[in-house]
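Novice: Below: one structure in structure tokens.
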Amino acid sequence: MSFSATFGLPGKWYKPVDVQRLHLLVGGPNAPVSDADGDGGHVVAEKLPKWSSRKAKTTWSLASRSVLLSAGVASSIRRRQMSKGGESSSEAAVPPAKKILVFGATGVIGKVITAALINAKAEFARIGIFTSEATFAGKAALIDAICEGGVDVIVGDVNNDAQVLNAYQAFDTVVSAVGRNAIDKQMNLIRLAESSSTITRFIPSEYGTDIEYNASSAEERPHQKKLQVRAYIWSSVSRMRYTYLVTGPFADMYMGPMAHEPRAGTFDVVNRKATLLGDGTGKISLTTMADVGRLLIAVLLHPEASDNRALKVSSYTTTPNEILAEFERQTGSKWDVSYTPLGDLRGLENNAWQEGSPVATVFTLRRIWTEGSTLYEKTDNAALGMAKMDTLEMSVQETIWKAHG
């Protein structure tokens, strides 16, 4: 049966699961050397197959899709409903998340989240992604790998309300992993989800820096679109549940090379050079992208701990000096080290914004982290059942593997 793209209509290809291939595409330890992308994730340089090679796939409609039985999902959910007068809690029988639709599934963190969902697919009845025609054609290898994981792929226009609403009919939970340039588009996705008859939860793309860490957070330029999304949810969402998964900086990004602007902090494995932020002793909490995927699954499986909350999570807390020491231990060599003091970092940030530099956001985020705005007395890891997380040693090891191909 030949393939024909459907716009706004759910469709599916099915092949035996090949999760390992998807892991390679998101940049696992044995993946090819990759280029930095976005906020520091990695895009693997893989030759994409020709469009014609994908037409032999068998297509199935959602109506004929075999339903996967979910297991281990909590059935009792506590509703935390925010009101203008304050916070109140009330019990409500809301079904657990079983049918998950992902937006931004082929982006930096979206690829990792999608891989995590495939790994945990026994817990869910359906997993789908909504993607554009351009992405479908331009990221063929990644789309193929996602299809092989048993995921429904919906090709449509995110700006077309009818197509989005039609896709929503087959799902109960929306997971957004859209990039920074599309954060504000979530407000319309949320509006449509709130008006739908099926979507009961919406998880916005919050993975990263805490946008409400302290009073000064409201003034930070990179936070503005996410703050608008939160304000929209506060004012316009009454039926759906939501969760903000606040992970802090990605360890994969923080420990990678920043060749185009090393003064923003860099760990260059190939050349054994590092630029540390601050004086090297300031603590920073990091989350690996792999842990972000696992934490997202935990959010879906623990609605009693996550509904209508901003969850603060991380893999570990360390310092630039400790990261450097671990790199030197694992590479068996001393590195050339320089520093960007906090005052200098602020100056670089101000100049970048004045000049309209594309790295201005990077300087701001790294200044925020260096000021200590990733630290909490207690995280929500335990509430999500996430006692075991990735470690500094593991992060450094993976960074070295990637650097050497």
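First residue of the sequence shown: 1, per full-length UniProt numbering; consecutive thereafter. Glycine included, every Cβ here is placed at the ideal spot set by N, Cα and C.
#1: Less than 6 angstroms between C-beta atoms, sequence neighbours within five positions excluded: which residues of the same chain meet that for I297?
#2: Since F136 is in the alpha helix (DSSP H), which residue starts that stretch and which ends it?
#3: Could you check which residue in A305, G208, S373, R239 has the C-alpha nearest to that of S197?
#4: To the nearest angstrom, how far is it from the Cα of V43 to the Cα of W401?
#5: Where does the unbroken alpha helix (DSSP H) through F267 begin, and where does it stop?
#6: For G107, list the residues DSSP reports as bridge partners.
#7: Mind checking which residues open and close the alpha helix (DSSP H) that includes R346?
#8: Using 8 angstroms as the Cβ pair cut-off and three pairs as the minimum, do the segment 231-247 and the segment 185-192 touch?
#9: Measuring alpha carbon to alpha carbon, tell me which residue in N351, T173, R346, A403 is nearest Y242.
#10: Can you tell me the Cα-Cα spacing of Q163 and L342, whole angstroms?
#11: Buried or exposed for G278, please, with buried defined as at least 16 other CB atoms from any protein chain shown within 10 angstroms of its CB.
#12: So for Q81, helix, strand or coil by DSSP?
#13: Let's test the definition: count the other Cβ atoms within 10 Å of the Cβ of residue 450 and tell me whether it reaches 16, buried, or not, exposed.
#14: So within the segment 278-323, which uninterrupted beta strand (DSSP E) runs reach at least 3 residues, ignoring any that extend past its ends?
#15: Should A264 be labelled buried (16 or more other beta-carbon atoms within 10 Å of its own) or exposed?
#16: Alpha carbon to alpha carbon, how far is Q397 from L227?
#17: Which of the three DSSP states, helix, strand or coil, is assigned to K98?
#18: What is the DSSP secondary structure of R126, reduced to helix, strand or coil?
#19: Looking only at C-alpha atoms, which of E133, D380, Q354 sits nearest to G156?
#20: When burial is assigned at 16 or more other CB atoms within 10 Å of the CB, is P32 buried or exposed?
#21: Based on Cα-Cα distance, which residue from Y254, A382, R309 lies nearest to L324?
#22: What residue from D252, P358, V269, M386 has the CA that sits closest to R180's CA?
#23: For a test of the three-state rule: what should DSSP assign to I190, helix, strand or coil?
#24: Please report how far the alpha carbon of R126 lies from the alpha carbon of F250, in whole angstroms.
#25: So which of D252, G282, K283 has the shortest CA-CA distance to D268?
#26: What alpha helix (DSSP H) runs, 4 residues minimum, are completely inside the segment 206-253?
#27: Three or more C-beta pairs closer than 8 angstroms, one from the segment 270-290 and one from the segment 309-320: is that the case here?
#28: I'd like the list of long-range same chain contacts for L375, defined as Cβ closer than 8 angstroms, with 5 residues on each side in sequence excluded.
#29: Tell me the DSSP secondary structure of Y376 in three-state form.
#30: Between the alpha carbons of S306 and R294, how many angstroms are there, rounded?
#31: Taking the beta strand (DSSP E) that T173 falls in, what are its first and last residues?
#32: Alpha carbon to alpha carbon, what distance is there between R221 and E87?
#33: Please work out which residues of its chain come closer than 6 angstroms, Cβ to Cβ, to M389, disregarding the five sequence neighbours upstream and downstream, and give them in chain order.
#34: Between which two residues does the alpha helix (DSSP H) holding R366 run?
Specialist: In short, the structure shows the following:
#1: Non-local beta-carbon contacts of I297 in its own chain, meaning distances under 6 angstroms to residues more than five positions away in sequence, involve A116, A120 in chain order.
#2: Residues 133-138.
#3: Among A305, G208, S373, R239, the Cα nearest to that of S197 is on R239.
#4: Its pLDDT being 25, under 50, V43 is placed unreliably in this model, and the value from its coordinates should be taken loosely. Rounded to whole angstroms, V43 to W401 spans 15 angstroms at the Cα level.
#5: No alpha helix (DSSP H) contains F267, which is instead part of the beta strand (DSSP E) from 266-268.
#6: Answer is none; G107 lacks a bridge partner.
#7: First-last of the alpha helix (DSSP H) with R346: 342-355.
#8: With a cut-off of 8 angstroms on Cβ pairs, the segment 231-247 is in contact with the segment 185-192, counting three or more such pairs.
#9: Closest by C-alpha distance to Y242, out of N351, T173, R346, A403, is T173.
#10: Near 48 angstroms, if we compare the C-alpha coordinates of L342 and Q163.
#11: Classification for G278: buried.
#12: Confidence at Q81 is low in this model, with a pLDDT of 34, below 50, so its placement is unreliable and no value can be given for it.
#13: Since the first and last residues shown for the chain are 1 and 405, residue 450 lies out of range.
#14: Here the runs fully enclosed are 284-286, 309-312, 316-318.
#15: Taking all protein chains in view, the Cβ of A264 is crowded by 16 or more other Cβ atoms within 10 Å, so the residue is classified as buried.
#16: Approximately 35 angstroms between the Cα atoms of the pair.
#17: Here K98 sits in coil by DSSP.
#18: Shown here, R126 sits in a strand according to DSSP, grouped into three states.
#19: Relative to G156, the option among E133, D380, Q354 whose CA is nearest is E133.
#20: Reliability fails at P32, whose pLDDT of 29 lies under 50, so the model's placement of it is uncertain and the value that follows must be treated cautiously. Exposed, by the Cβ-count rule.
#21: Among Y254, A382, R309, the Cα nearest to that of L324 is on Y254.
#22: It is P358.
#23: DSSP, reduced to helix, strand and coil, places I190 within a helical segment of the structure shown.
#24: Spanning the alpha carbons of R126 and F250 requires a straight line of approximately 28 angstroms.
#25: The candidate whose alpha carbon is nearest that of D268 is D252.
#26: Qualifying alpha helix (DSSP H) stretches, in chain order: 224-236.
#27: Cβ pair count under 8 angstroms is three or more, so yes.
#28: Excluding residues within five positions, the ones whose Cβ falls inside 8 angstroms are K283, I284, S285, T317.
#29: Three-state DSSP puts Y376 in coil, outside helix and strand.
#30: So the two alpha carbons sit approximately 14 angstroms from each other.
#31: Residues 173-176.
#32: Per-residue confidence for E87 stands at a pLDDT of 39, beneath the threshold of 50, marking its modelled position as unreliable; the derived number appears in the next sentence. Per the coordinates, the alpha-carbon of E87 lies some 28 angstroms from the alpha-carbon of R221.
#33: Excluding sequence neighbours, M389 sits near D291, S315.
#34: Residues 360-370.
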